[in-house]
Amino acid sequence: MSTLRLLGVGWYFQFKMILRSPFDGLGNVLYPLFFATTALLVFRAGQSPRTLIYASLGAAVMGMWSSVSTSAGSAMQRERWWGTLELLVAAPRHFSLVMLPATLGLATVGIYNLAATLLWGRFVFGIPLTIAHPLLFALSVAGTVLSFGGLGLLFAVSFVRFRAAWVLGNFFEYPVWLVCGFLVPLALLPGWVRPISWVLAPTWGMSAIRESALGGTPVPDLILCLGLGLGYVSLGVLVTDRVLYDACGRGTLSLT
Amino acid sequence: MAAIEAHDLRRTYKTHTGTLRRRTKEVEAVRGVSFTIEPGELFGLLGPNGAGKTTTIKMLITLLIPTAGSARVLDLDVVKDAREVRKRIGYVFGGERGVYERLSGYDNLRYFAELYGVPAKRQKPRIEELLELVGLKGREHERAEGYSRGMKQRLHVARGLLHDPEVLFLDEPTIGLDPVGARELRSTIASLTAAGKTILLTTHYMFEADALCDRIAVISKGEIVAEGTPADLKRGVDQGSVLEVEVYGVEDETIERVRRLDGVLAVSVEEREQAQVLVVQTHAEVELTSAILGHLNGGQVGRISRREPTLEDAYVALVTEE
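Protein sequence lines, in the order shown, are assigned to chains A and B. Under the numbering used here, the first residue of the first sequence carries the number 1, and numbering increases by one thereafter. Under the numbering used here, the first residue of the second sequence carries the number 1001, and numbering increases by one thereafter.
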């Protein structure tokens, strides 16, 4: 119970801080609109409403992913700058429980990305907002947010150990767009890429969101997405102690 | 059972130089520090910047793993029982960092109360109590980014006390505070000792250590060079005498020549408005005024006075010893 409360309270305060950052806020408002515009302009050539919805949903998840991959790194870097990282590590609660709400808070911003992209597509590009299975769609979005939060935790833990690793957050942003089929179907990618796609929860989250919106069967994708998300969290929890021990051994926690 | 025991603590850092031909250099920040602090004691770790105070404190609060040696807090090993140690200690450091500026003071405390495992029902009254103690009542709902340095420092103290720790580590808590703020904070620290807390305080302000601490260890270049009550340390230089000479622009070479005079224990220079004051500690039985003035030939000299040594002189003598 106290763990759930810690996650809830942590999420609330981390999300509150994200909302109060004017520069992050502006980026989060504008980024998804750029993604959506680019994707929709490219896919408009296809003339098919179904293709446009496909692209619109892809652009939406692109925005969700970007807010996690780039922000998880910069969030850790901010904790270093603010001098709060050491205080978080010195807290008696397990560090992964302290970090998970922060990455979940970032992933939650993705819900806005999704809504903004879909509304932008509807009102600027005239793409109809038809969702075949609204409940499954909502569950798919929630599941994708949770799995992104789990993946963000893995990132955040590595950013604690390696100070400059936040740069990798930016590095991971674009390959995942491609490898997880946000805009290009996985079938078009070379065979050797597939195993990489399969172990990445965004692949299944994207698929679940599309299947539920376009009238397919999203449940298997959603289960895989949540399962992988849970796997990331478990791995994050397992490696946290080792990573912190190493950071305390090298004395890098207080460095900015 | 001692509250804190440090036994031959050592900590080495690796630093790198060069880009293409990278070289690793080892820097010994703490070189075999040992001390024991009894429950309810206020123990001061006194030393100049870079002496190893913060490194020592970080090993004791589990944020740094010692390269060698061992330490126990409340009979728990700081490496093996790190999580248990964290539950029972509080850590406060000086400066403006360590605060979530976008949150209010109250929200900062609420968040850390959760992280420190303060039971939900206890959080609100505890936060109210602490806001009252540190004098932030009435300003708690303002964002911390608008707080003065002193207010942020007081917020740090409240955060460090949220889970009512038995042992408190205060790392230069009054650094950068104005005299009134520093005095208020010292009075808060004194009240915590009165409430039975064990406190390890690091500072480089002599008067602060003198006024607050039951015992002091002076640390210099990673080693403890003296340990005892403030009175013990003063007694160490009681036999000496201090000559203060007001000068205007004294060169390093001159200071070095004065330091080499027979009977000189320590030399330091203090800046006082337009002038500098050459503070020379000497053995009581020697008279060195003319010899010192001889070395200052050509330079403008102002007032000359002689006084009894203070704790600060004891400290300067200890940390400037080769």
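The C-beta atom is built at its ideal place from N, Cα and C for all residues, glycine as well. Quick caveat: nothing in here was measured; it's all calculated off a predicted structure.
Under 7 angstroms by beta carbon: chain B residues contacting residue i
i              : result
G249 (chain A) : I1065
L87 (chain A)  : G1098
L253 (chain A) : L1063
9 angstroms Cβ cutoff, residue i in contact with chain B
i              : result
G236 (chain A) : no
S140 (chain A) : no
S74 (chain A)  : no
F13 (chain A)  : yes
S21 (chain A)  : yes
S67 (chain A)  : no
L104 (chain A) : no
Y232 (chain A) : no
S158 (chain A) : no
Y54 (chain A)  : no
Y245 (chain A) : yes
Chain A within 9 angstroms of residue i, Cβ atoms only
i               : result
I1037 (chain B) : no
E1028 (chain B) : no
Y1248 (chain B) : no
H1163 (chain B) : yes
Y1013 (chain B) : yes
R1126 (chain B) : no
Y1091 (chain B) : yes
K1087 (chain B) : yes
K1053 (chain B) : no
K1058 (chain B) : yes
R1010 (chain B) : no
R1159 (chain B) : yes
Limits of the alpha helix (DSSP H) - the one that residue i falls within
i               : result
H94 (chain A)   : Counting along the chain, H94 (chain A) falls outside any alpha helix (DSSP H), and DSSP gives it neither H nor E.
F1043 (chain B) : Element bounds for F1043 (chain B): not the alpha helix (DSSP H) but the beta strand (DSSP E), 1042–1046.
I196 (chain A)  : 194–198
F1035 (chain B) : Careful: F1035 (chain B) lies outside any alpha helix (DSSP H), inside the beta strand (DSSP E) at 1023–1037.
R1143 (chain B) : Unbroken run through R1143 (chain B): none, as it is neither H nor E.
S2 (chain A)    : 2–19
L980 (chain B)  : In the structure as shown, chain B starts at 1001 and stops at 1322, and residue 980 (chain B) therefore has no counterpart that could be examined.
L1212 (chain B) : 1206–1212
Where residue i meets chain A, residues with beta-carbon distance less than 7 angstroms
i               : result
D1214 (chain B) : Those within 7 angstroms of D1214 (chain B) in chain A number zero; the least Cβ separation is about 25 angstroms.
Y1315 (chain B) : Neighbours of Y1315 (chain B) on chain A: none; closest Cβ ~26 angstroms, over 7 angstroms.
A1120 (chain B) : R5
R1083 (chain B) : P92
Residue i: contacting residues in chain A (beta-carbon distance under 9 angstroms)
i               : result
G1117 (chain B) : S2, L6, A91, P92, R93
L1168 (chain B) : Simply none; closest approach about 13 angstroms.
T1103 (chain B) : Checking the displayed sequence, the identity of residue 1103 (chain B) turns out to be Leu instead of Thr. Chain A residues near L1103 (chain B): F13, K16, M17, R20.
Where the beta strand (DSSP E) through residue i begins and ends
i               : result
E1227 (chain B) : 1223–1228
D1081 (chain B) : Careful: D1081 (chain B) lies outside any beta strand (DSSP E) and carries neither H nor E.
D1252 (chain B) : Looking at the DSSP string, D1252 (chain B) is not in any beta strand (DSSP E); the run it does join, the alpha helix (DSSP H), is 1252–1259.
I1216 (chain B) : 1215–1220
K1014 (chain B) : 1004–1017
G1249 (chain B) : Where G1249 (chain B) is concerned, there is no enclosing beta strand (DSSP E), given that its DSSP letter is neither H nor E.
R210 (chain A)  : That residue, R210 (chain A), is in no beta strand (DSSP E); its alpha helix (DSSP H) goes 201–214.
I1199 (chain B) : 1198–1203
Within chain B, partners of residue i - CB distance below 9 angstroms
i             : result
G10 (chain A) : Y1111, E1114, L1115
T84 (chain A) : R1097, G1098, V1099, Y1100
T98 (chain A) : Just to set this straight, residue 98 (chain A) is Val in the shown sequence, not Thr. What V98 (chain A) touches in chain B: L1115.
Proximal residues of chain A, C-beta to C-beta of residue i below 8 angstroms
i               : result
I1061 (chain B) : A90
D1107 (chain B) : F13, K16
R1023 (chain B) : In chain order: nothing, as chain A lies at least about 17 angstroms away.
Residue i Cβ short of 8 angstroms to the ligand ATP heavy atom set
i              : result
I111 (chain A) : For the structure depicted, the ligand ATP is absent and the ligand set is empty, with no information on it obtainable.
Counting Cβ pairs closer than 8 angstroms, one from the region 234–245 of chain A and one from the region 1002–1016 of chain B, do we hit at least three? no
Is the region 1187–1195 of chain B touching the region 1283–1295 of chain B, taking contact as three or more C-beta pairs under 8 angstroms? no
Within 8 angstroms, do at least three Cβ pairs link the region 1169–1186 of chain B to the region 222–233 of chain A? no
Inside the region 1274–1318 of chain B only - alpha helix (DSSP H) runs reaching at least 4 residues: 1289–1295
What are the complete beta strand (DSSP E) segments, minimum 3 residues, inside the region 225–251 of chain A? none
In chain order, which alpha helix (DSSP H) runs of at least 4 residues are fully inside the region 82–146 of chain A? 85–90, 95–124
Spell out a yes or no on whether the region 98–109 of chain A and the region 179–186 of chain A are touching, meaning 3 or more CB-CB pairs, one atom from each, closer than 8 angstroms. no
Can you list, in chain order, the stretches of the beta strand (DSSP E) that have 3 or more residues and sit fully within the region 1058–1138 of chain B? 1068–1073, 1089–1093
Between the region 60–72 of chain A and the region 110–129 of chain A, do three or more beta carbon pairs fall short of 8 angstroms? yes
Determine contact between the region 1217–1226 of chain B and the region 1291–1311 of chain B, defined as no fewer than three beta-carbon pairs at a distance below 8 angstroms. no
Report yes or no: do the region 1141–1158 of chain B and the region 1046–1065 of chain B share at least 3 C-beta pairs separated by less than 8 angstroms? no
Does the pairing of the region 1310–1320 of chain B with the region 1031–1051 of chain B give three or more beta-carbon distances under 8 angstroms? yes
If you pair each beta-carbon of the region 1072–1092 of chain B with each one of the region 1159–1168 of chain B, do three or more pairs fall below 8 angstroms? yes
Three or more C-beta pairs below 8 angstroms linking the region 1123–1131 of chain B and the region 26–34 of chain A: no
Assess, as a yes-or-no matter, whether the region 127–142 of chain A is touched by the region 211–230 of chain A under the definition of 3 or more beta carbon pairs within less than 8 angstroms. yes
With contact counted as at least three CB pairs below 8 angstroms, one residue from each stretch, are the region 1223–1238 of chain B and the region 1070–1085 of chain B in contact? no
When you compare the region 197–214 of chain A with the region 38–56 of chain A, are there three or more beta-carbon pairs, one atom per stretch, that lie closer than 8 angstroms? yes
At a cut of 8 angstroms, does the region 35–46 of chain A reach the region 146–157 of chain A through at least three beta carbon pairs? no
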